[in-house]
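Before any comments, here is the structure.
6 protein chains.
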Amino acid sequence: MADEPPYNSLPAITAWVKSLGYTGVQLPSWDGRIMDLKKAAESKDYCDELKGQTNGLTVTELASHLQGQLVASHPAYDELFDVFAPAELHGNPKERSAWAVEQMKLVIRASKNMGLPVSPSFSGALLWPTIYPWPQRPAGLVEEGFKELAARWKPILDFADEHGVDLAYELHPGEDLYDGATFERFLEATGNHPRVNINYDPSHFILQCLDYIGFIDIYGSRIKAFHVKDAEFRPSARAGVYGGYLDWKQRPGRFRSLGDGQVDFKQVFTRLTAAGYSSWAVLEWECCYKDSVQGAAEGAPFIASHLIDVPKRAFDDFAGAASDTARNRRILGL
Amino acid sequence: MADEPPYNSLPAITAWVKSLGYTGVQLPSWDGRIMDLKKAAESKDYCDELKGQTNGLTVTELASHLQGQLVASHPAYDELFDVFAPAELHGNPKERSAWAVEQMKLVIRASKNMGLPVSPSFSGALLWPTIYPWPQRPAGLVEEGFKELAARWKPILDFADEHGVDLAYELHPGEDLYDGATFERFLEATGNHPRVNINYDPSHFILQCLDYIGFIDIYGSRIKAFHVKDAEFRPSARAGVYGGYLDWKQRPGRFRSLGDGQVDFKQVFTRLTAAGYSSWAVLEWECCYKDSVQGAAEGAPFIASHLIDVPKRAFDDFAGAASDTARNRRILGL
Amino acid sequence: MADEPPYNSLPAITAWVKSLGYTGVQLPSWDGRIMDLKKAAESKDYCDELKGQTNGLTVTELASHLQGQLVASHPAYDELFDVFAPAELHGNPKERSAWAVEQMKLVIRASKNMGLPVSPSFSGALLWPTIYPWPQRPAGLVEEGFKELAARWKPILDFADEHGVDLAYELHPGEDLYDGATFERFLEATGNHPRVNINYDPSHFILQCLDYIGFIDIYGSRIKAFHVKDAEFRPSARAGVYGGYLDWKQRPGRFRSLGDGQVDFKQVFTRLTAAGYSSWAVLEWECCYKDSVQGAAEGAPFIASHLIDVPKRAFDDFAGAASDTARNRRILGL
Amino acid sequence: MADEPPYNSLPAITAWVKSLGYTGVQLPSWDGRIMDLKKAAESKDYCDELKGQTNGLTVTELASHLQGQLVASHPAYDELFDVFAPAELHGNPKERSAWAVEQMKLVIRASKNMGLPVSPSFSGALLWPTIYPWPQRPAGLVEEGFKELAARWKPILDFADEHGVDLAYELHPGEDLYDGATFERFLEATGNHPRVNINYDPSHFILQCLDYIGFIDIYGSRIKAFHVKDAEFRPSARAGVYGGYLDWKQRPGRFRSLGDGQVDFKQVFTRLTAAGYSSWAVLEWECCYKDSVQGAAEGAPFIASHLIDVPKRAFDDFAGAASDTARNRRILGL
Amino acid sequence: MADEPPYNSLPAITAWVKSLGYTGVQLPSWDGRIMDLKKAAESKDYCDELKGQTNGLTVTELASHLQGQLVASHPAYDELFDVFAPAELHGNPKERSAWAVEQMKLVIRASKNMGLPVSPSFSGALLWPTIYPWPQRPAGLVEEGFKELAARWKPILDFADEHGVDLAYELHPGEDLYDGATFERFLEATGNHPRVNINYDPSHFILQCLDYIGFIDIYGSRIKAFHVKDAEFRPSARAGVYGGYLDWKQRPGRFRSLGDGQVDFKQVFTRLTAAGYSSWAVLEWECCYKDSVQGAAEGAPFIASHLIDVPKRAFDDFAGAASDTARNRRILGL
Amino acid sequence: MADEPPYNSLPAITAWVKSLGYTGVQLPSWDGRIMDLKKAAESKDYCDELKGQTNGLTVTELASHLQGQLVASHPAYDELFDVFAPAELHGNPKERSAWAVEQMKLVIRASKNMGLPVSPSFSGALLWPTIYPWPQRPAGLVEEGFKELAARWKPILDFADEHGVDLAYELHPGEDLYDGATFERFLEATGNHPRVNINYDPSHFILQCLDYIGFIDIYGSRIKAFHVKDAEFRPSARAGVYGGYLDWKQRPGRFRSLGDGQVDFKQVFTRLTAAGYSSWAVLEWECCYKDSVQGAAEGAPFIASHLIDVPKRAFDDFAGAASDTARNRRILGL
């Protein structure tokens, strides 16, 4: 096995991914080493060409997290997020946001050209510094934040709708869409836009102590993409959910390789199946304790062992038949 | 303290109840020793007279459980339920049901005359013998059962609506309305009738392992009455939820005196308060281990210690003021 | 792998079962496509022939659940259970019961001819509609029910004893033998009949919240057969143990494919080993979420990974030796 | 309230105990400041006199822990236990044991004279140093230990039987009777002697992680005395059940004042009631954090609030009546 | 009882507080209605006068939270925190910080004049917007933040040391000192300054899922003040620790009146006692569900019932004596 | 697979061990069938020869448990431990201890000759009979015990230091070093000797209810060896941690084959990795329910599946760079 993934071209990386047993690959739309986003938006031929370079892997989605992130950013993080934008836009958040909106439209067009119905993304954030209500949040602040966020995304969402592409927001701390309540607020602020959907990633819910299983039962119909990522939250007498400004190895909440954390994936795959989810299960890997090559190698069989073939018929249909009202009434004593 | 409650007349029993520290009393509308239901339905004067015999206790509601029970009954239980009907109707379930419907209307009229906006009751049951799907339930059976149940209750509910009285079904094993799912089905079958409401009693949920706290968050707006009753479910290697046909002292699930069981009443009162419930908290007592006199005496201070005065203002309103959009946008960096 | 098991003849189905890695098969004695029960009861040659058609799989037991079910049935379920009996007996529960008794005797004779020492079965039920004590169960009702049940089974049990065959009742909701307490009562009603034994199936105990591990420690000596079946019980704020008349996919309690549910099979196999159980571990599969072919394929390696070779000697016997009283007394300071 | 209990004479200490609200008192039979054991064994008049000095408190039992302790002792503890014996017996365990046997007989006679049917005690220990099987226990060692222990106690038990007095062994670490298994072994070794009973004290079970509630359900019929004593076990990453030779304040397992520990006394009193226990609930107090005067003062109302009046009739007997077989059979559909 | 606390003067409010059963009162040093901070810093006479106006209540501490808060603030919150500063400093965070430093010195001098050895306070925050490491925190950022924070507090701490007053930082979300890890970092950045101490408030730890009991065992020697405040954290499928920008009534984490939340105060008082804490237990009350008057009234008996008198001697010292080496060696077999 | 391990010579046993998939082997230094300890201490050539007989397995450590055990023993166990010493020393604990000290020195020299930096061992015990403080431990007893124990080990530890070998005490009931607290006391008694280290074995902590995960976080830097051994503790109403003198199959606490017990090995390997442990993971196997051959065969893949490759770089280093103070201060708003 390669010591380090050959992350420099689509053919090279997909050859390596395939060797581990994966059957699909999600592409980072922002990474020029892997794909030329503008070209993909403009040319279906180029997209077909890309698909021919994957060593037989299916392209599952084009990810657009970094671009979505820049659609909205509170000034407290402006300098830190500049790294995701072209150098000429650094220090200019307003134009950076406009650029991000255009990028999202490229992703949408490229997804359509690739024949991909959904792109996972980030929402960006205006309110994140105020998650804890100290200082007290003034009346109307949250509403104002979501109003502005919706206003920025509305044109992108409409554009996505025209191209038949869903946006699947990864609910993620640091974004203004990070749990069910914030998702609902955004949905409402966009007039229940049909393209507002979810990239389900249980690792971020573990770190929030959110009931990530019950989440599927409530929001299942909006889940359009799925990151299979593990995490653990082990608070101590020294630090809890806010993590004491510690680094990943020392924070109580940390991402883990698949199977090493606390996510009950048996239940996750079961509830997603029950909710009718039938798209890809995409490994996302971050782990502070285990090498990435080991993590990647363990991921493929882990996911395979969790896939569920849905039943072709009910297990207890042996007595089944059409409904018979007269008989039913007899049984009820009527 | 009296050895045995003097349960033979309204003045006598209320004197005793008052001596224990209670401030209200729920009346069993079916019990002639306590009240004459027909007279109460017909005469507001009689109702005023009744109210004058309570030693200053407020009448909280007229209960109608036994009558509601007889509105619908599967034949398997017909003989057992005859005890709740006049002797001349024994063995005649059809006329017994008609009688029960008329009884319910009397309760509604009497409640109006008493100035009481709600009557707690039972739904009766047609489907209860089929709770476990063995033998397999044929297609359409459950729908048929609820269709019939709704058909029987619809005239009563409309009558209740005309008199401005709510029916609060106590969700209870043995009735077809015993949990949230069955309540929803009945609600749907009655066309979301506004008078279909709930008498919340957590003891029956403990014995079902149902999340009785989350229940309030979902169904709070339909909760119109509240039985403060405790229970415990302690399964063993010998018996579980179905109880092995054991008697109350040996069943794993059993009712208990307030504070002796597993109901988290701190949370119950909190969530009911959060849901806006502002009617009575009525002790219902059944306990196989403790004498009723002791149970009753302990109940009054127990309930009193759980009552919540709702805040007159928010605890952190010191910085509060009208919403200021310009300021809010500055705070968001806009 | 076949899309659908070829469930139409013994050679065909056993070929498929074997291809999945199983080494034995339990036969449904009631299913004419698989075996002719009457012939098997009458002819050892036919039984040998059957054993020759299994592609090398061992026949583990002849199951007799459907016949046992019909030995006793409360009228509330008569119409629903008719499907298990020949058409000419439909609507005639009395003769149906007589037929069922004869069927059980055929199973016993066939088991003897097959060289099988036990048949898993159901007890049937007279009391099941009264599992919840509302309406209150009258004095003597439960005793009467078990007296009648024992009276019906006594001749079968004696017949089984004569043929050296155990009956292993699967403790199952819907039957009157569904937990430890009911098993004890039946045992007592049959005079502690030696042929009254248990088919241990933890899935039914999960759905009752019964301590299925402790169960083995109490009843281990009577466990003569074992269904390896998984289940999960996940109550919500909408429904609990009684299931809200919901279907399998929505009920809080549901069967699952092996490894997908909540049964702690590590403990189950450990305690069965500790109790001296040494017969078969038979997959029984029902799952509302997963296809039966996948469930069956996963079952064989799952079971194999749980089998325990019992030790040939104690791990700490290095210092062991015969008991030496004088030395022991010295050690105790005597 | 007194700063320090006046523990120097029966009238003085009982006056103080009474002032705290207690209604009874257990007397330490070994303590000459409180009573003269020999005199009490010999004179009923003296016993009556003692009873007249208790300020109206009932004497609940004569405790005989220290004497029972010395009936048997492993040499490893001989020097440490000498403090409980007269100075002239120090260093002479054999005669000390003989003295202890005589003491126990005095206690039995005194109890009879006091009209007290039970004396709580300790069993002493021969095997305690071998609780952990390293070094491996040789074959027969445990049997030998219990054989000797039973041989020493047998004459005392027979003497107790002649005087109609039960011995209630407090199951306690350091004694050879410290849990259910050891109690059963002693019971067997004494030929199921009827006078072998239990002084139930849940604090010692908390520190053993033993299911102290289930214990009552198994051994209830042998529980003849009850110490109401609280404890908590809070293991850490530094120490667990063996306690690291730490002192009481630092050990993970420690005794606590009533209500400050982990004993679920609601359940304890419930299960004792269910088991038919109707004797005294005696405070025993040891706490490393709280002053004894505060602990004693809090104990009386704590115990009072847990007492249960048993019901005079079943709560659901309204439909009750004599058993009616014909009706029962109709209900079962027979 | 008064409908609303008369919060307008020291005599008025202390009269009310006393009527509820409290014996001490913590004064908000920033509130001119209650005290004149500058005057108190300058005049011991004025302080004595203040102490004479408390209706006999002891002044426990002068709180300095609002001033401490303004010592350091990230720009994202500058506008929101201006409310705590005089109007003329609004919009001028630099001068506001200088003012806050002077305020803290006044508090220190006033505390000394009042004879109070500790002031509870807040640390302020520079890093709070970066609690979640997205965007990734650049190398050195956290160190820089604590360096600056320590630099601002160092003069105040030295001033406090000169006056013999401890600062007890309330570890609180929104401040840079919010858990054990951040406290340790600040301690280190201030060179383990002896005046850096803790105002222990378990409510803020409940909302962080931090082990608030273990916290006492680690940091006990630095705990100099104690807020008795309750809270509950009940995450759902909609929101978790970050709270979905919901208001207090809907957030999963919320403050509660004493006894209504999840803090195990029995353990808190026990561990504080074990750690040698012997200063005040000060009620701090915030609750979104219960009226403040009810909360205040319930608080006094709640706290009283948790106070622990420390033992005057060990409970098992009856055998105690001076250490005897020879005897000890005999016991060890040496 | 062999029915029984060929445990009679180094080549034979290592061939078998290797066939199961193991890559290393720990040698019992006391067992003459496997190695000649004296020869190994004296001859590096013999050690090289030994290493050549392992069929390519690496020798991980020389174990010295039995010798360490005999360094110190309370008289209560003298007879039982004689089996570990040569027959001529039986009954002579003093010379036996001297012999054990010499043995330990041989192990140290042999380890050095083998190129092995650590030997796992036992501490022996003087205090073990007094683990439960009844009878009350006299003042100074524990200090005296550790003083003596340290005095006996000090020369061995110094000898080990001279030879560059660590002693890794397996914390084990029956030894005086059995948890963190006792380890700390011994460390202190030996003047924090650098050669006092730990052989981490979670099975012994499970049986003590000790937090074996947190243990690693505290003592990680002293962990120099690791036994991968599983266990379960399942207390009942009959027995708890002291085990009722029951045998292994019936004791609530018992060792188990890997994966069959309660040790969370995912966490164990993670925390050991986080603590920087990089030496061997050595299977130790004891199981009362499973045959040793099966246990050994399952162990190798179990351990392999838990090994962690440490990361070559941080997963989120994409934005990483050298620390930039000016930028950091801008981000903090300074």
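Protein chains in written order, with our numbering: chain V, 1 to 334; chain S, 1 to 334; chain F, 1 to 334; chain P, 1 to 334; chain W, 1 to 334; chain H, 1 to 334.
Don't be surprised by glycine CBs; every beta carbon is placed ideally from N, CA and C.
What you are looking at is a predicted structure, and each value in this text was computed from that prediction instead of being measured.
Does the distance from the C-beta atom of Q53 (chain H) to that of P86 (chain H) stay below 8 Å? Position 53 of the sixth sequence holds residue 53 (chain H). Position 86 of the sixth sequence holds residue 86 (chain H). Cβ atoms of Q53 (chain H) and P86 (chain H): not closer than 8 Å.
Say whether chain P places a C-beta atom closer than 8 Å to the C-beta of A2 (chain S). For the purposes of this step, residue 2 (chain S) is identified with residue 2 of the second sequence, where counting begins at 1. Here A2 (chain S) scores only 47 on pLDDT, less than 50, and its place in the model is too uncertain to base an answer on.
Of all the options H:I198, H:P235, H:S123, H:V142, which has the alpha carbon lying nearest to the alpha carbon of T130 (chain H)? For the purposes of this step, residue 130 (chain H) is taken as the residue at position 130 of the sixth sequence. The residue with the shortest Cα to Cα distance from T130 (chain H) is H:V142.
The segment 296-309 of chain H: which residues have C-beta closer than 8 Å to a C-beta of chain V, in chain order? Residues are counted here when their Cβ sits less than 8 Å from a Cβ of chain V; for the segment 296-309 of chain H these are I308, D309, given in chain order.
Taking D161 (chain F) as the reference, which of F:D45, F:F265, F:K105, F:K229 has the closest Cα? Here residue 161 (chain F) is taken as the residue at index 161 of the third sequence, counted from 1. When each option's Cα is compared against that of D161 (chain F), the closest is F:K105.
Assign K249 (chain H) to buried or exposed, taking buried as 16 or more other Cβ atoms, counted over all protein chains shown, within 10 Å of its Cβ. Within the sixth sequence, residue 249 (chain H) is the residue found at index 249, counting from 1. Flag for K249 (chain H) reads exposed.
Which value, in whole angstroms, describes the spacing of the CA atoms of E61 (chain W) and Y200 (chain W)? Position 61 of the fifth sequence holds residue 61 (chain W). Position 200 of the fifth sequence holds residue 200 (chain W). Just so you know, the alpha carbons of E61 (chain W) and Y200 (chain W) end up roughly 14 Å apart.
Are the Cβ atoms of V310 (chain V) and T270 (chain V) separated by less than 8 Å? For the purposes of this step, residue 310 (chain V) is identified with residue 310 of the first sequence, where counting begins at 1. For the purposes of this step, residue 270 (chain V) is identified with residue 270 of the first sequence, where counting begins at 1. Not in contact: V310 (chain V) and T270 (chain V) (Cβ atoms no closer than 8 Å).
Residues of chain S with CB closer than 7 Å to the CB of A72 (chain P), please, in chain order. In the fourth sequence, residue 72 (chain P) corresponds to position 72, counting from 1. Those do not exist, as A72 (chain P) stays about 35 Å from chain S at its closest Cβ, beyond 7 Å.
Any beta carbon of chain V sitting closer than 8 Å to that of R327 (chain H)? Sequence index remark: in the sixth sequence, residue 327 (chain H) carries index 327 (1-based). Yes, its Cβ sits closer than 8 Å to a Cβ of chain V.
Three-state secondary structure (DSSP) of F233 (chain W): Numbered from 1 along the fifth sequence, position 233 holds the residue referred to as residue 233 (chain W). Shown here, F233 (chain W) sits in a strand according to DSSP, grouped into three states.
Just the chain P side, please: which residues come within less than 7 Å of D291 (chain S) by C-beta, in chain order? Numbered from 1 along the second sequence, position 291 holds the residue referred to as residue 291 (chain S). What D291 (chain S) touches in chain P: D309, V310, P311, K312.
Just tell me which of P:P75, P:R313, P:V282 has its CA closest to the CA of C288 (chain S). Here the question's residue 288 (chain S) lines up with position 288 in the second sequence. P:R313 is the residue among P:P75, P:R313, P:V282 whose C-alpha sits nearest the C-alpha of C288 (chain S).
Could you have a look at L126 (chain F) and say whether DSSP puts it in helix, strand or coil? In the third sequence, the residue the question calls residue 126 (chain F) occupies position 126. In the displayed model, L126 (chain F) falls within coil according to three-state DSSP, outside both helix and strand.
When the distance is taken between beta carbons, is P138 (chain P) closer than 8 Å to D324 (chain F)? In the third sequence, residue 324 (chain F) corresponds to position 324, counting from 1. In the fourth sequence, residue 138 (chain P) corresponds to position 138, counting from 1. Yes, Cβ-Cβ distance for D324 (chain F) and P138 (chain P) is below 8 Å.
Could you check where the alpha helix (DSSP H) with I156 (chain F) kicks off and where it finishes? Reading the third sequence from its first residue, position 156 is the one you call residue 156 (chain F). 141-162 is the extent of the alpha helix (DSSP H) around I156 (chain F).
With a 10 Å radius around its C-beta and 16 neighbouring C-beta atoms as the bar for buried, classify L149 (chain H) as buried or exposed. Sequence index remark: in the sixth sequence, residue 149 (chain H) carries index 149 (1-based). L149 (chain H) comes out buried.
Quick one: Cα of R222 (chain H) to Cα of E284 (chain V), how far? Counted from its first residue, the sixth sequence places residue 222 (chain H) at position 222. Counted from its first residue, the first sequence places residue 284 (chain V) at position 284. R222 (chain H) and E284 (chain V): Cα-Cα distance of roughly 35 Å.
If you follow the alpha helix (DSSP H) that A196 (chain H) is in, where does it begin and where does it stop? On the sixth sequence, position 196 is the one that residue 196 (chain H) refers to. Note on identity: in this sequence residue 196 (chain H) is Val, with Ala being the wrong assignment. Per DSSP, V196 (chain H) belongs to no alpha helix (DSSP H); it is in the beta strand (DSSP E), 196-200.
Should L307 (chain P) be labelled buried (16 or more other beta-carbon atoms within 10 Å of its own) or exposed? Against the fourth sequence, residue 307 (chain P) aligns to sequence position 307. With fewer than 16 Cβ atoms within 10 Å of its Cβ, L307 (chain P) is classed as exposed.
Starting from S393 (chain V), trace the alpha helix (DSSP H) both ways and give me its first and last residue. Here chain V has residues from 1 to 334 only, and residue 393 (chain V) is not among them.
So, helix, strand or coil for R313 (chain W), using DSSP? Against the fifth sequence, residue 313 (chain W) aligns to sequence position 313. Taken through DSSP and simplified to helix, strand or coil, R313 (chain W) comes out as coil.
Verify the CB distance criterion: does F205 (chain H) have a CB-CB separation below 8 Å to chain P? As a working mapping, residue 205 (chain H) is identified with position 205 in the sixth sequence. Among the CB atoms of chain P, one or more fall inside 8 Å of the CB of F205 (chain H).
Since Y178 (chain V) and Y22 (chain W) should fall inside the 8 Å C-beta cutoff, what is the C-beta to C-beta distance between them, to a whole number of angstroms? Numbered from 1 along the first sequence, position 178 holds the residue referred to as residue 178 (chain V). Numbered from 1 along the fifth sequence, position 22 holds the residue referred to as residue 22 (chain W). That pair is no contact at about 41 Å.
Can you check which of these residues, W:E42, W:L210, W:K266, W:A98, is closest to K290 (chain P) by C-alpha distance? As a position in the fourth sequence, residue 290 (chain P) is number 290, starting the count at 1. Across the set W:E42, W:L210, W:K266, W:A98, the C-alpha of W:K266 shows the shortest separation from the C-alpha of K290 (chain P).
Residue range of the alpha helix (DSSP H) that includes E188 (chain V): For the purposes of this step, residue 188 (chain V) is taken as residue 188 along the first sequence, with counting starting at 1. Here the alpha helix (DSSP H) through E188 (chain V) covers 180-189.
Return the CA-CA distance between P28 (chain H) and W153 (chain H), expressed in angstroms with no decimal places. For the purposes of this step, residue 28 (chain H) is identified with residue 28 of the sixth sequence, where counting begins at 1. For the purposes of this step, residue 153 (chain H) is identified with residue 153 of the sixth sequence, where counting begins at 1. So the alpha carbons of these two residues sit roughly 20 Å apart.
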